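In the UniProt record's numbering, the protein residues as written are 1 to 201.
The structure under discussion appears below in the form of structure tokens.
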């Protein structure tokens, strides 16, 4: 795991240059995507970045070994990502799935898991819980999971998680004011990052 404060000297020399380059390039992708998402909300391109959504980053590298008995294991349980957004690179092994609901509700029997098939050279972008709340549900945090690897080679993925950098007791997050009106009231109350993180840890 690598975050904003990681000393590069602590990264193994065998992959240090590659991980630092990935961090820089994935951050640039994240900035571009958040700019487009801001515009999709009818806001200036810099709106989400100015709201500190690129202020903190955590890189997580996952290694999934081959599993000879997948029926006896759980894989990565279904979850949503709590932060703003994620830029994910995965190899060609696959295993990532997202939850898809065909109808209006989740209890209508039409919910199923869809494979996110690896595409060479492509990245996966996930919207996180915080962005769902800041967008007042205009964007949705997708539930996803990783099923057990039954291939004959390990699965590797690298994720860069974007989170707000301002975390003081007076730094509040919630639906952006421009997205709230009498016709479209706020669906979430305002909160601080310590409050938000306290629901997970």
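A virtual CB, placed ideally from N, CA and C, is assigned to each residue, including glycine.
Owing to the predicted nature of the structure, the values given are computational and were not obtained by experimental measurement.
- Under the Cβ criterion (8 Å, minimum of three pairs), the stretch 63 to 70 does not count as touching the stretch 6 to 17.
- It is roughly 9 Å from the alpha-carbon of residue 113 to the alpha-carbon of residue 145.
- DSSP places residue 145 inside the beta strand (DSSP E), whose first and last residues are 144 to 146.
- The stretch 144 to 159 and the stretch 85 to 101 touch, with three or more beta-carbon pairs separated by less than 8 Å.
- Setting aside the 5 residues that flank it on each side, residue 137 is surrounded in the same chain by 187, each with a C-beta closer than 7 Å to its C-beta; the list follows chain order.
- Where residue 194 is concerned, the enclosing alpha helix (DSSP H) starts and stops at 193 to 198.
- Annotated three-state conformation of residue 65 is coil, per DSSP.
- Ranked by Cα distance from residue 141, the options 79, 97, 179 and 14 are led by 79.
- Your pair residue 163 and residue 29 does not check out as a contact, with CB atoms roughly 16 Å apart and the cut at 8 Å.
- Along the stretch 6 to 34, the beta strand (DSSP E) does not occur as any fully enclosed run of 3 or more residues.
- Nearest to residue 101 by C-alpha distance, out of 95, 172 and 110, is 110.
- DSSP places residue 45 in no alpha helix (DSSP H); its state is neither H nor E.
- In the three-state reduction of the DSSP assignment, residue 129 falls in the helix class.
- Judged by beta-carbon spacing, residue 43 lies within the 8 Å limit of residue 178, meaning their Cβ atoms are closer than that value.
- Put simply, the backbone Cα of residue 169 is about 35 Å away from that of residue 123.
- Here residue 70 has 148 and 150 as same chain residues with Cβ atoms under 6 Å from its own Cβ, once five neighbours each way along the sequence are excluded.
- Rounded to the nearest angstrom, the gap between the Cα atoms of residue 81 and residue 21 is 24 Å.
- Remark: C-beta atoms of residue 46 and residue 38 approach each other more closely than 8 Å.
- Leaving aside the five residues that flank residue 97 on each side, the residues in its chain whose CB is nearer than 8 Å to its CB run, in chain order, 113, 114, 115, 116, 144, 145, 146 and 147.
- When secondary structure is reduced to three states using DSSP, residue 88 falls in the strand class.
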